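Enquirer: Have a look at the structure that comes next, please.
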Amino acid sequence: MELSTSRLLLREFKEDDWHFTNLYESNEEVMRYQTSQVRTSKESLDYLLHCLEEAKEEPRTLFDLAIVLKTTDMLIGRVGMKVDHDAEEAVLWYILNQTYWNKGYTSEAAAALMRFGFEELHLHRIWADCDPRNIGSYRVMEKLGMRREAHFRENIFIKGSWCDSYIYALLDYEWRNQLEMKK
27 MELSTSRLLL
37 REFKEDDWHF
47 TNLYESNEEV
57 MRYQTSQVRT
67 SKESLDYLLH
77 CLEEAKEEPR
87 TLFDLAIVLK
97 TTDMLIGRVG
107 MKVDHDAEEA
117 VLWYILNQTY
127 WNKGYTSEAA
137 AALMRFGFEE
147 LHLHRIWADC
157 DPRNIGSYRV
167 MEKLGMRREA
177 HFRENIFIKG
187 SWCDSYIYAL
197 LDYEWRNQLE
207 MKK
């Protein structure tokens with residue numbers, strides 16, 4: 027599976043991509059709001075191998091794609107969705123190498139995956155969550171046209187403390203309305 031935008035290629039991971047994923051997975055600032063700890067090289071490889079195996083399931087429920095810059099062929103992050111076919115919804119996530127923050131790559135990649143979710147998978151709802159302290163993440167969600175549905179207080183225990191969560195979502199008809207307004 028490949029998706030393309032003006033600046034990015036979203037593609038399936040390859041086993042040797044762990045070298046690039048570990049560049050951001052070993053960075054404390056990048057991993058600050060993630061549920062997992064900073065990863066070692068072996069942990070990055072193990073995670074990637076697990077994702078590659080899960081992507082083979084039928085029907086496919088995991089779409090975890092490498093974000094690659096077209097100009098340099100550099101892998102700079104990942105964007106993914108876990109699909110619940112029965113509920114016709116998916117949870118969206120993204121993570122990017124800190125060197126490439128604030129350049130619009132995350133929202134560009136996430137928008138392409140959301141388009142795939144609504145157009146190809148015929149999802150009704152795509153949602154995402156983040157720690158309210160992660161301003162960059164919820165700004166991406168807002169840029170994608172998602173609306174905040176909830177602010178859960180201390181609903182998840184991460185890295186030794188209780189954390190809040192923002193929940194953002196977009197429905198299929200809201201997404202289509204946004205496309206119409208852009209025309």
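Heads up: take any position in the sequence shown, counting from 1, add 26, and you land on this note's numbering.
Idealized CB from N, CA, C, for every residue including glycine.
Owing to the predicted nature of the structure, the values given are computational and were not obtained by experimental measurement.
How many Å lie between Val166 and Ala135 at the Cα?
Expert: Within the sequence shown, numbered from 1, the residue matching residue 166 stands at position 140. Within the sequence shown, numbered from 1, the residue matching residue 135 stands at position 109. Rounded to whole angstroms, Val166 to Ala135 spans 11 Å at the Cα level.
Enquirer: Could you spell out where the alpha helix (DSSP H) holding Asn203 opens and where it closes?
Expert: On the sequence shown, position 177 is the one that residue 203 refers to. Asn203 -> alpha helix (DSSP H) spans 198-208.
Enquirer: Name the DSSP beta bridge partners of His177, please?
Expert: Taking the sequence shown and counting its residues from 1, the one referred to as residue 177 is at position 151. DSSP lists Tyr192 as partners of His177.
Enquirer: Given this structure, state the Cα-to-Cα distance separating Ser70 from Trp44, to the nearest angstrom.
Expert: Numbered from 1 along the sequence shown, position 44 holds the residue referred to as residue 70. Numbered from 1 along the sequence shown, position 18 holds the residue referred to as residue 44. Between Ser70 and Trp44, the C-alpha separation is close to 6 Å.
Enquirer: For Met107, which beta-bridge partners are listed by DSSP?
Expert: Counting from 1 along the sequence shown, the entry for residue 107 is found at position 81. Paired residues: Phe89, Leu118.
Enquirer: Nearest-angstrom Cα distance between Ala195 and Asp155?
Expert: Walking along the sequence shown from the start, residue 195 turns up at place 169. Walking along the sequence shown from the start, residue 155 turns up at place 129. Approximately 9 Å between the Cα atoms of the pair.
Enquirer: Hey, Ala92 and Glu38: beta-carbon distance below 9 Å or not?
Expert: On the sequence shown, position 66 is the one that residue 92 refers to. On the sequence shown, position 12 is the one that residue 38 refers to. Yes, they are a contact pair.
Enquirer: Give the single residue among Lys96, Trp153, Met207 whose Cα lies nearest to the Cα of Thr31.
Expert: Here the question's residue 31 lines up with position 5 in the sequence shown. Selected option, being the one with the closest Cα: Lys96.
Enquirer: Any idea if Leu75 is buried or exposed, counting beta-carbon neighbours within 10 angstroms, 16 or more meaning buried?
Expert: To locate residue 75, count along the sequence shown from 1; it is residue 49. Around the CB of Leu75, fewer than 16 other CB atoms lie within 10 Å, so the residue is classed as exposed.
Enquirer: Taking the beta strand (DSSP E) that Asp155 belongs to, which residues open and close that run?
Expert: Here residue 155 is taken as the residue at index 129 of the sequence shown, counted from 1. Per DSSP, Asp155 belongs to the beta strand (DSSP E) from 151-156.
Enquirer: Between Asp90 and Glu80, is the Cβ-Cβ spacing less than 9 Å?
Expert: As a first step, residue 90 is located in the sequence shown; it is residue number 64 there, counting from the start. As a first step, residue 80 is located in the sequence shown; it is residue number 54 there, counting from the start. Going by C-beta atoms, Asp90 is nearer than 9 Å to Glu80.
Enquirer: Give the single residue among Met100, Thr87, Asn53, Leu170 whose Cα lies nearest to the Cα of Arg202.
Expert: Position 176 of the sequence shown, counting from 1, holds the residue named residue 202. Proximity to Arg202 across Met100, Thr87, Asn53, Leu170 peaks at Leu170, based on C-alpha coordinates.
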